[in-house]
Each structure stands twice: as structure tokens, then as C-alpha cells.
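Peer 1: The structure under discussion is supplied below as C-alpha cells; questions concerning it will follow.
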Ligand code: ADP
Ligand code: MG
């Protein structure tokens, strides 16, 4: 520990070698061993200049013809070189000639680049002003006696990910040292490896750092080589082990066994204007089962937008109340929290149950009153934003903590809630469905219930893609929809770079629509409004006193106004796929045929076009998530969730077969040979395991 702190200090104190290495996470021998090449360069061959293809990296052996320091357009070193290929081919010298251009160089480099010097040059050829050239090639001088192929390396040269000021040569030297002195003993039993058809750890990493002669560049770079498979498997295994272990550790803690008699939940079900779907019933039973256990529930309720997660949460909360405990529901936005508060108040009023409400915008005195009631246990149910997890909030007897739209909270906030309800049951809910293969790793530390069925009577939303130039038509359409009793959302363009600009756009759109639709009542809601202003606008919209709600993405998640059946999204090309899906989920909640119009500005980029096509063709959240994953890649897909999972460096979560094998072995190791599991975790995660606990 002390040693680690020292290195950290050294790193921040200056640009020391230790500091640079720390930036790459390189501390222990094994960190160096696991710092694997990004790609390889083939210096085993020499290419004739006349055979070289632009854009392809290759090695040449050349003789310097001239070396000039040029000052225009800026100071640079221009070195003309040639090899023998031109003369052989065409008899003209020129075709074997090449320019090397150095914008930064040391005097020592200039000194060796003198006419007559023989060089090995590695780089990517391009067509420059003076014909073929290479900018900043790697080179070294070879003695004339070594002309030809005598001293060529026999294996591919690894290229490592690095950071400013840390050269490849230094990294290579340190890695070589770690490979010699480090402990490369296999963490996995030989029989398991044989079963999986994977090579030994030491063989795999040695091969990847120094591919033996004959190893094919393509096979290494596509990462399908068995040595890569071994590394990928190990990484996935470490991930599975730590997730499963975190799960077991939490499970080992005690939690109140919530014994409920079902009176309140039965009463709620009786006053509801609908019957639970089969999926809701299933999920509810799973949750009720967990709550009666003496260890904390760690369950995720996953269900597409509109699948009806809120009522399941309400039932769970009542279950806690029946057992004599408190329950809290936390939502990521004030609008959503407020809406939950209203909905639950309506549902629970006939049962004589009061719900408390806490957000950051509450007046000090009101807040104190709420906190008092929560602290004494007078109030059993509590709904709010992350204000719920702030200091000063003391529950009397918290039995259940629910987090809605959990992916919208940061790791820190989720940890804080976990701390608050240390011994409480936890339910998280998410409308962002993720593909099964990803779920297996991402949610390996949770039990999952899925709502795979929408409540009956929904008509699917029909989606239109319309060029922004046809705005007038769209305005007419909004007027008509509202004339016959409908309501509409008008979603303003997303401007990620500037909140001020985004606000301004929303206000402009609002003013424009007021002018265009004088006969309609129009409201505006955005993130800068005060809590009570926001609440007032949303309440007016829910009560059909506002026809058209102009909104920023503050309405993205959860908002539920079934009478609104038309949604216009401006500059739809700027939104991400899951964002569009969430937004569109605000309509199609009633029986009326709903329409979502995606206005886009020309010209569309390729990715934007692909995204809009997906959202146009599908309304299935899982399908959309799969496409999102395909378009963005798992790193960003998961990163967007701020999962706290250290991103996989080598393995691919879409590699379903390998993920499944890792999961199975993780279970076996944890059950039968925990020491092996520990050794494997140490090797791969070192001291970084705490990241995984969020
Ligand atoms: P989400 O899963 O997106 O949070 P909500 O809980 O907001 O969905 O539910 C969407 C809408 O469907 C709400 O108006 C809710 O009252 C309604 N609803 C929920 N369950 C049912 C059901 N079984 N039958 C009919 N309507 C339902
Ligand atoms: Mg919801």
C-alpha cells in the first residue's frame, strides 16, 4: 500500500518514468506481462520502393542521396533516399526514390542522415508533393557490410499502447525484463486448459510479445490466434470471478426477512384499473420471494419502455410496509420522481398510506419536516431524487431500496444508496435492455427478472422519418391531432456542447410554436426550470390543460402521459439510439394509434443514417439495443452506463461462447478451489477489484 502511494506521488510530482508507467497501469511485473501489443510491424522483410503501396506500412533499405534542412513552409529535414529497385525495373533512378520528411528531429539524427548512409526505414508510404514520401519514419543506420538481408529480424515487432514520453524501446525492455523475472505460472489447472483447448499462460504471453518466426501477421492482428484466445478467456474469467464474488459477499450479509401477509398488496391490486400481465406477476413473485430471505435481494428488473415496472415496484414497497419496514424509491430526474410520487399517492391513498417526497429543490423547512417523519418511521414510503441518499437522510428502518432507471445514476450514487441501505434489500430497474450475452457479464452480480410482455391494448407506435424542410406539414399535423383531443410532445434538438445553447433552442422553438399554433395551449419544460415550475408544467400536461409540450431531454425517461399520442423529435440525427427509443416510449401508452415523427436535417452522416434506420424499423428495445451494440461496440455501450466495470482490454463481450465458458469455470473455481480463483483475480485485477463493487 505504502509502496503504491509512493509511486503515485512520484508520478504526479513530475513526468518520471514511474509516473508514465502508472498512467498505463503498469506497476507489478504481471502488469507488464499483460500489457500486450496493439499491433505488429513486419520488419522481417524488405520491400522494394517501386513495389510499395501507398497507405501500407513497409520496410525499405535505402541509401541517402541528399539531406536538406528546409525552412519553408516550416523548419524540417527533407531526406532523399533511393534503393536499387528503380534501376532494376526501368533503368531510371527516380522510380526507386523516396523522400523522408522529419518535422521534429534531433541534431544527432541529422548528423547520421548524410549522403551515402545506408538505412533501414519503416513507415507508411504516401503520395507527397515531391512524389512518394514517408513522414517521420522509424529508421536505423545499417553498416554497409550488412547490406541485403543478413541482419533482418526473424520475428514480427510488437507495437505497444503507450503514453507521451514513453518510447517503444523502453517499454519493450521493461516487458522483456518482466517476462524473465515475473511469475508466469499458470493459474488454471492443466486439465481445464486441455478441456478448453487453450495454451499455457506463459506460452501465450511469450508468443504475443515475441511471435516466433512463421507466425502470421493476420492471425495475430485479428486476435484469433490461440494465444489471444487464452488471454481473452483469462480476462473474461477474472471478470466473472469478481462479479460472482461480489455477489456472494453481499449475499453473505444479513437482511431483514420481510414477512408479509399480503393484505396491502391485495388491496392495491384490487383498486388498480388493470390486471397485472403474466410477466409482471412472475417478476412480482420473484421479488416477493427474495424479500422473504434473510439476505439482501440484489435484483434487477429489466423491461422495455412501457412494460409496467412501476406497479411492480409499488407492490414490493407495500410488501416492505406490511412487514413493518420502510421502503424508498429513487429516480434519476425530478420530473420522474415527481411523477412516481403522484402515481403512488393516487394508488395508495385508498389504502390510507402516505408517501413522502424528497428532492433537492424542496424548501428547507419542508425538507426538515419530511426528514423528521422518515427518521421516526412515521412515514413508511419515500420517493425522491438522489437527495434521498444525501447526508442527513436517516431512515428509521429501511427494508427496501429501489433505484429506477439505474443506468442513469453514476457509480458513486449507486454506491451511496447501497451504503444507506447496507442491510436492506435492493431492487434496480432499467428500461435499457441489453443483449443476453452482454447481460451475462454485465449483470453477473445480480439476479434478473425480465418483463418481456407489454400490457395489453397498446397499439405499436408508428415511426416516420421526415426531412426538416417539411416542418409546415408537421405543424398542421400537430394542430389536427390536438383538435381531436390528442396531445403532443415536441422534443428540442440535443446540443451536448452547450447547455445555454440548448436552453435557447428550446425557448426559440417554444416561441415559434406559439406563433404557428395560436389556437393551442403550449407548454415548455427544460432542465433549468425550478423544481416546482417543472412539476406544474408536467401536471398541467398530464391533466390535458396543455396541448403541446415543448421539451428538452428532461422527459427522456419514465414520463407517462397516456393521452399524448404524437411526438416530434427535432434533429433526430443528433440523438443516440437508446435515447430515441426512450423518447419514443413516451407515446404509445394509451389505446390511440401513436406516431413518432423524426425530423432530420440533411445531409445525414453514415452512422446517423444507420441509427435512424434501426429506430424506424424496430420498436423492440432488445433488438434496438443489439443494433446499438453493433454500431457502437461494447466498450462505449457499457461505458455509457458508467458501470464501473473495468473495460475489457482484450476480450469481446459479444464472444458468447467464450463468455459462457468463463462463467462456468468461474462457478466451478469459486465452489471447489477458491485459492485458484484468488490467484487468478490477483493476477488480472491486482488491487483494482474495488471498482467492481458499485
Ligand atoms: P415502465 O416500465 O416504462 O416504467 P410504467 O410503469 O410507467 O412503465 O407503465 C406504463 C403504463 O402502463 C402506465 O400508465 C401504467 O399505469 C400502465 N400499466 C402498467 N401495467 C399495466 C397492465 N398490466 N395493464 C395495463 N396498463 C398497465
Ligand atoms: Mg418507468
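Numbering (this note's numbering), first residue to last: 162 to 855. Positions of the beta carbon are idealized from the N, C-alpha and C atoms, including for glycine.
Quick one: measure Cβ to Cβ for residue 857 and residue 475, integer angstroms, because I've assumed they're closer than 8 Å.
Peer 2: A question about residue 857 goes unanswered here, because the residues of the chain that appear run from 162 up to 855.
Peer 1: So residue 440 and residue 612 are in contact, right, with Cβ under 8 Å, and what is the actual spacing, rounded?
Peer 2: To locate residue 440, count along the chain shown from 1; it is residue 279. To locate residue 612, count along the chain shown from 1; it is residue 451. The Cβ separation is near 4 Å, so the contact holds.
Peer 1: Mind reading off the beta-carbon distance from residue 486 to residue 411? Whole number of angstroms is fine, and I expect it under 8 Å.
Peer 2: Start at 1 with the first residue of the chain shown, and residue 486 comes out as number 325. Start at 1 with the first residue of the chain shown, and residue 411 comes out as number 250. The Cβ separation is near 18 Å, so there is no contact.
Peer 1: What would DSSP say about residue 285, mapped onto helix, strand or coil?
Peer 2: What you label residue 285 is simply residue 124 of the chain shown in a count that begins at 1. Note: residue 285 maps to strand in three-state DSSP.
Peer 1: Cβ of residue 493 within 7 Å of Cβ of residue 570?
Peer 2: Sequence index remark: in the chain shown, residue 493 carries index 332 (1-based). Sequence index remark: in the chain shown, residue 570 carries index 409 (1-based). The answer is yes: Cβ separation under 7 Å.
Peer 1: On the DSSP bridge assignment, give the partners of residue 192 in chain order.
Peer 2: As a position in the chain shown, residue 192 is number 31, starting the count at 1. Looking at the DSSP assignment, residue 192 forms no beta bridge with any residue, so it has no partner.
Peer 1: Rounded to the nearest angstrom, how far is the Cβ of residue 514 from that of residue 542, given a contact under 8 Å?
Peer 2: Start at 1 with the first residue of the chain shown, and residue 514 comes out as number 353. Start at 1 with the first residue of the chain shown, and residue 542 comes out as number 381. Confirmed, about 7 Å.
Peer 1: Indicate, with yes or no, if the ligand MG has a heavy atom lying under 6 Å from the CB of residue 684.
Peer 2: Within the chain shown, numbered from 1, the residue matching residue 684 stands at position 523. No; taking the cut-off as 6 Å, the Cβ of residue 684 has no heavy atom of the ligand MG nearer than that.
Peer 1: Threshold first: 4 residues or longer. Then list the alpha helix (DSSP H) segments lying entirely within the segment 451 to 501, N to C.
Peer 2: 470 to 483
Peer 1: What residue range does the alpha helix (DSSP H) around residue 761 cover?
Peer 2: For this step, residue 761 is matched to residue 600 along the chain shown. No alpha helix (DSSP H) contains residue 761, which is instead part of the beta strand (DSSP E) from 756 to 761.
Peer 1: The ligand MG heavy atoms versus the CB of residue 719: any closer than 6 Å?
Peer 2: Within the chain shown, residue 719 is the residue found at index 558, counting from 1. Yes, the ligand MG has a heavy atom inside 6 Å of this Cβ.
Peer 1: For residue 709, which of helix, strand or coil comes out of DSSP?
Peer 2: What you label residue 709 is simply residue 548 of the chain shown in a count that begins at 1. It is a strand residue.
Peer 1: For residue 291 and residue 260, I'd like the C-alpha separation in whole angstroms.
Peer 2: Taking the chain shown and counting its residues from 1, one reaches residue 291 at position 130. Taking the chain shown and counting its residues from 1, one reaches residue 260 at position 99. Their backbone Cα atoms lie some 7 Å apart in a straight line.
Peer 1: For residue 469, is the beta carbon positioned less than 6 Å from some heavy atom of the ligand ADP?
Peer 2: Counting from one through the chain shown, the residue named residue 469 turns up at place 308. Residue 469 Cβ: within cutoff of the ligand ADP.
Peer 1: Is DSSP giving residue 789 helix, strand or coil here?
Peer 2: Taking the first residue of the chain shown as position 1, residue 789 is located at position 628. Helix, per DSSP.
Peer 1: Identify whether residue 514 lies in helix, strand or coil by the three-state DSSP scheme.
Peer 2: Residue 514 sits at position 353 when you count from the first residue of the chain shown. Coil.
Peer 1: Hey, quick one: how far does the beta strand (DSSP E) through residue 612 stretch, first residue to last?
Peer 2: Along the chain shown, read from residue 1 onward, the residue named residue 612 stands at position 451. Counting along the chain, the beta strand (DSSP E) containing residue 612 begins and ends at 608 to 612.
Peer 1: Starting from residue 684, trace the beta strand (DSSP E) in both directions and tell me its first and last residue.
Peer 2: For the purposes of this step, residue 684 is taken as the residue at position 523 of the chain shown. Here the beta strand (DSSP E) through residue 684 covers 683 to 686.
Peer 1: With a cut-off of 8 Å on the beta carbons, I'd call residue 194 and residue 345 a contact; round off their distance for me.
Peer 2: Start at 1 with the first residue of the chain shown, and residue 194 comes out as number 33. Start at 1 with the first residue of the chain shown, and residue 345 comes out as number 184. Yes, they are in contact, since the Cβ atoms of residue 194 and residue 345 sit about 7 Å apart, within 8 Å.
Peer 1: Taking C-beta to C-beta, are residue 605 and residue 404 nearer than 7 Å?
Peer 2: Taking the first residue of the chain shown as position 1, residue 605 is located at position 444. Taking the first residue of the chain shown as position 1, residue 404 is located at position 243. Closer than 7 Å, so yes.
Peer 1: Determine the extent of the beta strand (DSSP E) in which residue 202 is found, giving its start and end residues.
Peer 2: Numbered from 1 along the chain shown, position 41 holds the residue referred to as residue 202. Here the beta strand (DSSP E) through residue 202 covers 200 to 202.
Peer 1: Quick one: complete alpha helix (DSSP H) runs, 4+ long, within the segment 338 to 395?
Peer 2: 351 to 357, 362 to 370 and 378 to 382
Peer 1: Using the C-alpha atoms, what's the distance from residue 679 back to residue 479?
Peer 2: Start at 1 with the first residue of the chain shown, and residue 479 comes out as number 318. Start at 1 with the first residue of the chain shown, and residue 679 comes out as number 518. Spanning the two alpha carbons is a distance of roughly 46 Å.
Peer 1: Could you spell out the range, first to last residue, of the alpha helix (DSSP H) harbouring residue 835?
Peer 2: For the purposes of this step, residue 835 is identified with residue 674 of the chain shown, where counting begins at 1. Where residue 835 is concerned, the enclosing alpha helix (DSSP H) stretches over 835 to 846.
Peer 1: Throw me the rounded Cβ distance for the residue 347 and residue 361 pair, which I believe falls under 8 Å.
Peer 2: The residue given as residue 347 occupies position 186 in the chain shown. The residue given as residue 361 occupies position 200 in the chain shown. Right, their Cβ atoms sit about 5 Å apart.
Peer 1: For residue 229, which beta-bridge partners are listed by DSSP?
Peer 2: As a first step, residue 229 is located in the chain shown; it is residue number 68 there, counting from the start. Bridge partners of residue 229: 239.
Peer 1: Residue 785: beta carbon under 6 Å from a heavy atom of the ligand ADP?
Peer 2: Here residue 785 refers to the residue found at position 624 when the chain shown is read from its first residue. False, no ligand heavy atom lies under 6 Å from that Cβ.
Peer 1: Mind checking whether residue 351 and residue 842 have CB atoms under 7 Å apart?
Peer 2: Taking the first residue of the chain shown as position 1, residue 351 is located at position 190. Taking the first residue of the chain shown as position 1, residue 842 is located at position 681. Taking 7 Å as the Cβ cut-off, residue 351 and residue 842 do not qualify as a contacting pair.
Peer 1: Just to confirm before moving on: does the CB-CB distance between residue 560 and residue 455 stay below 7 Å?
Peer 2: Reading the chain shown from its first residue, position 399 is the one you call residue 560. Reading the chain shown from its first residue, position 294 is the one you call residue 455. No; because the gap between Cβ atoms is not below 7 Å, this pair is not in contact.
Peer 1: Does DSSP classify residue 275 as helix, strand or coil?
Peer 2: Here the question's residue 275 lines up with position 114 in the chain shown. If DSSP states are grouped into helix, strand and coil, residue 275 belongs with coil.
Peer 1: Quick check: is any heavy atom of the ligand ADP less than 6 Å from the C-beta of residue 472?
Peer 2: Taking the chain shown and counting its residues from 1, one reaches residue 472 at position 311. True, at least one ligand heavy atom lies under 6 Å from that Cβ.
Peer 1: In three-state terms, what does DSSP make of residue 294?
Peer 2: The residue labelled residue 294 in the question sits at position 133 within the chain shown. Residue 294 falls in the strand class under three-state DSSP.
Peer 1: Mind checking which residues open and close the beta strand (DSSP E) that includes residue 435?
Peer 2: For the purposes of this step, residue 435 is taken as the residue at position 274 of the chain shown. First-last for residue 435: undefined, no H or E at that position.
Peer 1: Within its chain, find whatever has a CB closer than 7 Å to the CB of residue 225; leave out the 5 residues flanking it on each side and keep chain order.
Peer 2: Counting from 1 along the chain shown, the entry for residue 225 is found at position 64. If we look at residue 225 and ignore the five residues flanking it on each side, its Cβ neighbours are 240, 242, 274, 275, 276, 277, 278 and 280.
Peer 1: Residue range of the beta strand (DSSP E) that residue 879 falls in?
Peer 2: What is shown of the chain runs 162 to 855, which leaves residue 879 out entirely.
Peer 1: Take the Cβ of residue 232 as the centre, count every other Cβ of all protein chains shown within 10 Å, and call the residue buried at 16 or more, exposed below.
Peer 2: Taking the chain shown and counting its residues from 1, one reaches residue 232 at position 71. Exposed.
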